[in-house]
Amino acid sequence: MKLFTLGALDNEASDPDTFVGSARLTRMNGVTSSPPTNVYRVAFEASARTNWHTHSGYQLLQVIEGVCRFQKAGESVREAAAGDLVSIAPEERHWHGASPDGPMTHIAINLDATTNWFGPVSDDDYAGG
Numbered sequence: 035m036k037l038f039t040l041g042a043l044d045n046e047a048s049d050p051d052t053f054v055g056s057a058r059l060t061r062m063n064g065v066t067s068s069p070p071t072n073v074y075r076v077a078f079e080a081s082a083r084t085n086w087h088t089h090s091g092y093q094l095l096q097v098i099e100g101v102c103r104f105q106k107a108g109e110s111v112r113e114a115a116a117g118d119l120v121s122i123a124p125e126e127r128h129w130h131g132a133s134p135d136g137p138m139t140h141i142a143i144n145l146d147a148t149t150n151w152f153g154p155v156s157d158d159d160y161a162g163g
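In structure tokens:
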């Protein structure tokens, strides 16, 4: 068994090269080795979001607080509430972040996945335009 104690882990600001707005990230790397699994607790301020990106493996987003706004390229913006789970298939170009109405925290579980980052999500895309 492994224990990842949130208070003992480093909490870092999101990278402005891969996020729009302000978020805080706690990494829990090496949760399992088969499949290789990394877990991230990400707390987004209102309207903060990731850039467009893909993962080589599955990503699961468990919303634990607030409302998560997310979008797969070519589809409409959607929202998930606290308690909801979003499953993102390998190579789906997408973004996720907080709603404009308040902060949001999710747990991101990356299963045998590396991330490929693209450009920022425009305000128009974020708004669903």
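Be aware that the sequence shown starts at 35, since it is given in the working numbering, and climbs by one per residue.
No residue lacks a Cβ here, since even glycine has one placed at the ideal position from N, Cα and C.
Nothing here was measured: the structure is a model prediction, and the numbers come from that model.
Counting C-beta pairs closer than 8 angstroms gives fewer than three between the stretch 97-112 and the stretch 64-74, which falls short of the contact rule. Around Glu113, the same chain offers Val101, Arg103 as residues with beta carbons nearer than 6 angstroms, after the five sequence neighbours per side are excluded. A contact between stretches requires three or more CB pairs, one per stretch, nearer than 8 angstroms, and the stretch 85-97 meets this requirement with the stretch 137-145. Contact check for Ala82 against Gly55 passes: the beta carbons are separated by less than 8 angstroms.
As for any beta strand (DSSP E) of minimum length 3 sitting wholly inside the stretch 50-133, the runs are 57-67, 70-78, 87-89, 93-99, 101-106, 112-115, 119-122, 128-132, ordered along the chain. Rounded to the nearest angstrom, the gap between the Cα atoms of Pro137 and Asn150 is 25 angstroms.
Scanning its chain for C-beta atoms nearer than 7 angstroms, with the 5 sequence neighbours on each side dropped, one finds around Ala47 the residues Arg58, in chain order. Spanning the alpha carbons of His89 and Lys106 requires a straight line of approximately 12 angstroms.
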